[in-house]
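Shown next, in structure tokens, is the structure this report addresses.
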Amino acid sequence: MYQTSTPTITLTAPAIDRQDEVLTPEALDFVARLHHATSSRRQELLQDRQARRRQIANGADPKFRADTAHIRNNDSWRVAPAAPGLEDRRVEITGPVDRKMTINALNSGAKVWLADMEDSSTPWWSNVINGQLNLTDVLEGRIDFTSPEGKEYRLRHQQLTDMPTIVVRPRGWHLPEKHMLVDGTPVAGALVDFGLHFFHNARRLLAAGRGPYFYLPKIENHLEARLWNDIFILAQDLLDIPQGTIRATVLIETITAAFEMEEILYELRDHASGLNAGRWDYIFSVIKNFRTRGPRFVLPDRDQVTMTAPFMRSYTEQLVRACHRRGAHAIGGMAAFIPNRHDADANSQALEKVRQDKTREASDGFDGSWVAHPDLVPAAMEVFDGTLSERPNQVDRLREDVSVSARDLLNIAGTEGVITEAGIRGNIEVGIRYVESWLRGNGAAAINNLMEDAATAEISRSQIWQWINAEAITDDGEIITVDWVERLLEAEFAALNRFDGDRFDDAREIFEEVALGEGFPTFLTVPAYARYLSKQETLAPAA
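The opening position of the sequence shown corresponds to residue 8 in our numbering, with each subsequent residue numbered one higher.
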């Protein structure tokens with residue numbers, strides 16, 4: 008059995024209820040060991056990201072790597088076989104790990120629940136700890152929730168194998184957990200989320216017929232995947248759990264990772280489960296990396312950048328081909344629509360768009376796809392049932408007809424559409440309303456019948472930044488300038504519905520910094536997290 012040792016983690020957050028169940032000396036020591044083994048390498052990789060962005064800004068387009076061609080050209084290797092509960096992933100539901108959402112997700116009828124500690128979750132200390140408690144409470148059969156209105160939420164099933172398989176998404180490498188310090192240095196939020204869940208729940212999951220499964224976000228290249236693989240090996244050794252027990256699905260949500268899909272699977276091959284088409288972050292990554300490269304890389308309004316755009320089509324087809332060639336699952340993108348039960352016509356039209364999106368994915372060879380709301384599960388399930396029937400997946404469909412070049416992946420200019428004043432106003436509204444929600448501890452915000460998370464807010468603010476700096480022109484002939492956008496922002500801000508305790512003033516300041524400033528913060532959650540830390544939490548701990 009794993010023994011405790013020094014050094015220890017210093018905690019700087021005010022204590023919350025039941026945190027001692029999560030932050031045991033043994034668990035903290037486990038996280039500290041992971042930190043010590045990987046901290047310097049993580050920092051090197053984050054510096055490499057910045058260097059790569061500078062190269063792209065200076066005209067060096069991403070390309071398929073020559074030094075890893077031997078991996079792509081070797082037909083002999085495959086990833087590990089599907090682990091228990093991951094054979095059939097035809098519909099996956101995503102959402103934060105608060106108590107109500109946990110129960111709703113596990114009652115949804117989906118095959119997999121992505122328990123999200125990343126883009127749809129604000130990393131407040133209360134959310135970090137309560138998310139861990141909620142996961143353990145599920146495994147111990149003691150989770151329930153009663154809303155302030157008195158509505159009760161309980162699990163329909165008690166056996167874990169009768170529920171959606173739990174796959175936890177930790178934070179990305181760039182986010183620190185500043186409430187946990189080792190020798191004065193913040194621990195990576197990713198290691199906190201991964202380490203605490205693995206330490207407390209790996210054996211519980213195995214005993215219940217499942218395993219410790221993870222989604223890995225924001226990876227930019229195969230070396231970052233290698234770091235995760237090293238962490239998996241160390242974690243399993245420290246807890247005396249057999250190597251290969253962990254399974255990881257990687258979100259391909261950066262333009263640089265799109266050129267290294269097979270290399271990423273190779274680095275994780277003993278622990279790999281598949282790849283996911285993280286469409287919103289992928290669009291954000293394209294904008295972020297090419298934001299200063301001129302008109303050829305300027306995209307139209309966000310809602311006009313569909314999955315049929317040439318660069319998006321190439322990305323998804325390459326993903327299916329890479330996965331199936333290596334025996335991995337290909338998981339499609341998010342359907343973010345939130346059903347409106349008070350508007351039957353709008354609901355019907357939106358559901359039809361969801362069906363069309365999922366039909367395209369199933370026809371292209373994806374083995375499953377994401378939805379953001381339980382009401383979308385039946386529609387997505389119907390589509391994939393029609394394609395898969397009794398088969399758990401279609402990994403055997405190799406898509407050898409696909410041949411994607413670097414030029415195809417970078418064909419941003421082939422995207423049809425225009426920039427409109429309505430699109431600019433929509434980006435302002437989503438950006439400010441989402442950041443305000445984030446600052447109050449809610450990272451999944453329902454805005455205009457869509458579930459917005461950090462990725463979609465990133466698109467909103469980065470488009471505005473790029474349009475201003477490219478002096479883009481709207482369909483009405485208006486040159487997009489800082490002054491004009493500031494006037495639109497003032498009008499949109501004045502139209503917001505204010506309420507006691509809102510954080511709109513803070514949200515506006517942050518949005519102006521990340522969308523209108525001369526600099527371009529790599530992620531909007533970084534200044535938002537700093538704003539949160541400067542004021543600390545003013546709300547009660549999340550349920």
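Glycine residues also receive a C-beta, built at the ideal position from the N, C-alpha and C atoms.
Q. With distances taken from CA atoms, which of Asn476, Arg505, Glu99 is nearest Thr488?
A. Ranked by Cα distance from Thr488, the first of Asn476, Arg505, Glu99 is Asn476.
Q) So is Ser444 buried or exposed if we call it buried at 16+ other beta carbons inside 10 Å? A) Label assigned to Ser444: buried.
Q. When DSSP builds the beta bridges, which residues end up paired with Glu159?
A. Glu159 is bridged by DSSP to Thr153.
Q. If you drop the 5 nearest sequence neighbours on each side, which residues of the same chain put their C-beta closer than 6 Å to that of Ala537?
A. For Ala537, there are no CB contacts under 6 Å within the same chain when 5 residues up- and downstream are skipped.
Q.
Looking at the strands, I want to know which residues DSSP matches up with Met187.
A. Answer is Leu18.
Q: Any chance you could list the beta strand (DSSP E) runs of at least 3 consecutive residues sitting entirely within the region 247-295, in chain order?
A: For the region 247-295, whole beta strand (DSSP E) runs of length 3 or above, ordered along the chain, are 254-259, 279-284.
Q. So Met124 packs on Asp200, CB below 8 Å; how close in whole Å?
A. About 4 Å separates the two Cβ atoms, so the contact holds.
**Q.** Glu99 - DSSP class collapsed to helix/strand/coil
**A.** Residue state, collapsed to three classes: strand.
Q | Pro302 in three-state terms, based on DSSP | A | In the three-state DSSP reduction, Pro302 falls in the helix class (H, G or I).
(Q) Measuring CB atoms only, is the region 239-247 touching the region 291-305, in the sense that at least three cross pairs come out at less than 8 Å? (A) Because the criterion of three Cβ pairs below 8 Å is not met, the region 239-247 and the region 291-305 do not touch.
Q: Please report the residue range of the alpha helix (DSSP H) in which Leu182 lies.
A: Where Leu182 is concerned, there is no enclosing alpha helix (DSSP H), given that its DSSP letter is neither H nor E.
(Q) Would Leu182 and Leu223 be called neighbours here (beta carbons separated by less than 8 Å)? (A) No. Outside cutoff.
Q: With a floor of 4 residues, list each alpha helix (DSSP H) that falls wholly inside the region 501-542, ordered by position along the chain.
A: The region 501-542 contains, as complete alpha helix (DSSP H) runs of 4+ residues, the segments 511-523, 532-542 (chain order).
Q) Taking Cβ positions only, does Arg398 come closer than 8 Å to chain D? A) Among the chains of the structure shown, chain D does not appear; only one protein chain is present.
Q | C-alpha distance - Ser47 paired with Lys225, whole-angstrom precision | A | Distance between the alpha carbons of Ser47 and Lys225: 19 Å.
Q. Is Met341 helix, strand or coil when you go by DSSP?
A. Residue state, collapsed to three classes: strand.
Q: Tell me whether Trp84 is buried or exposed, calling it buried when 16 or more other Cβ atoms sit within 10 Å of its Cβ.
A: Classification for Trp84: exposed.
Q) When DSSP labels each residue in this structure, what does Ile486 get in the three-state scheme? A) Ile486: strand per DSSP, three-state reduction.
Q: Output the boundary residues of the alpha helix (DSSP H) element that contains Ile431.
A: From DSSP, the alpha helix (DSSP H) with Ile431 extends over 428-446.
Q | Gln57 to Asn354 span [Cα, whole Å] | A | Just so you know, the alpha carbons of Gln57 and Asn354 end up roughly 43 Å apart.
Q) Across which residues does DSSP place Ile173 in a beta bridge pair? A) Trp120.
Q. Among Glu423, Pro346, Arg40, Leu140, which has the Cα closest to the Cα of Val312?
A. For the set Glu423, Pro346, Arg40, Leu140, the Cα lying nearest the Cα of Val312 is the one of Glu423.
Q. Do Ala343 and Ala379 have their C-beta atoms closer together than 8 Å?
A. With respect to the 8 Å criterion, Ala343 and Ala379 are classified as neighbours on the basis of their beta carbons.
Q | Residue range of the beta strand (DSSP E) that includes Gly375 | A | Unbroken beta strand (DSSP E) run through Gly375: 375-378.
Q: May I ask which residues mark the beginning and end of the beta strand (DSSP E) holding Ala452?
A: For Ala452, the enclosing beta strand (DSSP E) begins and ends at 452-454.
Q) Does the pairing of the region 362-378 with the region 436-443 give three or more beta-carbon distances under 8 Å? A) Contact between the region 362-378 and the region 436-443 is absent, because fewer than three Cβ pairs lie under 8 Å.
Q. If you run the structure through DSSP and keep just helix, strand and coil, what is Ala195?
A. Strand.
**Q.** DSSP bridge partner residues for Glu6 (one or two, in chain order)
**A.** What the structure shows of the chain is the stretch from 8 to 550, and residue 6 is not part of that stretch, so it cannot be assessed.
Q) Does DSSP classify Met458 as helix, strand or coil? A) In the structure shown, Met458 sits in a strand (DSSP, three-state: E or B).
Q: Tell me, to the nearest whole angstrom, how far the beta carbon of Arg106 is from that of Ile150; I am working on the premise that it is less than 8 Å.
A: With a Cβ gap of about 7 Å, Arg106 and Ile150 count as contacting.
Q. Just the Cα atoms here: how many angstroms apart are Val98 and Gly524?
A. Those two C-alpha atoms are separated by around 40 Å.
Q | Per-residue DSSP class, three states only, for Met8 | A | In this prediction, Met8 scores a pLDDT of 35, lower than 50, which makes its location untrustworthy; no coordinate-derived value is stated.
Q: Check whether the region 513-522 touches the region 463-471, taking contact to mean three or more Cβ pairs, one atom from each stretch, closer than 8 Å.
A: Yes: at least three Cβ pairs fall under 8 Å.
Q) If you draw a straight line from the C-alpha of Gly138 to the C-alpha of Glu478, how long is it? A) Approximately 43 Å between the Cα atoms of the pair.
Q: Provide the residue(s) that pair with Leu223 in DSSP beta bridges, ordered along the chain.
A: For Leu223, the beta-bridge partners assigned by DSSP are Val257.
Q. Taking the runs of the beta strand (DSSP E) that are 3 residues or longer, which of them lie wholly in the region 55-107?
A. Correct list: 98-103.
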